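Participant:
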Amino acid sequence: MRLIDADPLILKIKDYIEEYNDTDENGYHNLKWCAMKESEMVINNAPTIEAEPIRHGRWEKHPYEREWDVCSCCKQGTKRREFGVNDKGKEWVTEYSYTYCPWCGARMEEHYEID
Ligand SMILES: [Zn+2]
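Right under this line is the structure:
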């Protein structure tokens, strides 16, 4: 499935309907006109679905929690990494990757660099 905007299609088809608007000596339209009228009807009767435009967001640094980031769209915080220290005293970090905000569904396009 692909989502398209039917309104410009209808306008284009109306142009064709006007272009092919000739009638013969009996008052009948030609096949092109009939096909365009039928196309207009098919598009006007096509089922519609509810769809929301994709929101694009990015992770922003949380104001005080270094393990958390904030969605630029809904401003909700999400834990995105964990820090710890191993036996030898060396710090480790585990990153949690989210391609979508778990709160609002925004597609996360960019990530800031971690200092
Ligand atoms: Zn969000």
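Under our numbering, the first residue of the sequence shown is numbered -18, with each subsequent residue one higher. Ideal Cβ positions, reconstructed from N, Cα and C, are used throughout, including at glycine. A quick note: this is a predicted structure, and the numbers were derived from the prediction, not measured.
By Cβ distance, which residues of its chain are closer than 6 Å to Ser20, with the 5 residues on each side in sequence left out?
Facilitator: If we look at Ser20 and ignore the five residues flanking it on each side, its Cβ neighbours are Ile(-6).
Participant: For Arg47 and chain D, any beta-carbon pair shorter than 8 Å?
Facilitator: Among the chains in the structure shown there is no chain D, since it carries only a single protein chain.
Participant: Starting from Trp14, trace the alpha helix (DSSP H) both ways and give me its first and last residue.
Facilitator: Leu12 to Asn26 is the span of the alpha helix (DSSP H), which, as asked, contains Trp14.
Participant: Is Gly38 near ligand 1, with its Cβ less than 7 Å from a heavy atom?
Facilitator: Yes, since a heavy atom of ligand 1 falls inside the 7 Å radius drawn around the Cβ of Gly38.
Participant: Check for me: the alpha helix (DSSP H) holding Glu0 runs from which residue to which?
Facilitator: Taken as a continuous stretch (DSSP letters only), the alpha helix (DSSP H) holding Glu0 covers Ala(-13) to Glu0.
Participant: Using the Cα positions of Asn67 and Arg36, report the straight-line distance between them to the nearest angstrom.
Facilitator: Between Asn67 and Arg36, the C-alpha separation is close to 39 Å.
Participant: On the three-state DSSP scale, how would you describe Gly70?
Facilitator: Coil, per DSSP.
Participant: Using a Cβ-Cβ cutoff of less than 6 Å, which residues in the same chain neighbour Lys60 once the five nearest sequence positions on both sides are dropped?
Facilitator: Only Glu48 and Trp49 meet the Cβ criterion.
Participant: For the beta strand (DSSP E) containing Gly38, list its first residue and its last residue.
Facilitator: Gly38 -> beta strand (DSSP E) spans His37 to Lys42.
Participant: Could you tell me which residues DSSP puts in a beta bridge with Asn86?
Facilitator: Contrary to the premise, residue 86 reads as Gly rather than Asn in this sequence. Answer is none; Gly86 lacks a bridge partner.
Participant: Measuring CB to CB, does Ala(-13) end up less than 8 Å from Ile30?
Facilitator: No, the pair does not count as a contact, with Cβ atoms beyond the cut-off.
Participant: Just verifying my parser: in three-state terms, what is the DSSP assignment at Thr111?
Facilitator: In the structure as shown, the chain starts at -18 and stops at 96, and residue 111 therefore has no counterpart that could be examined.
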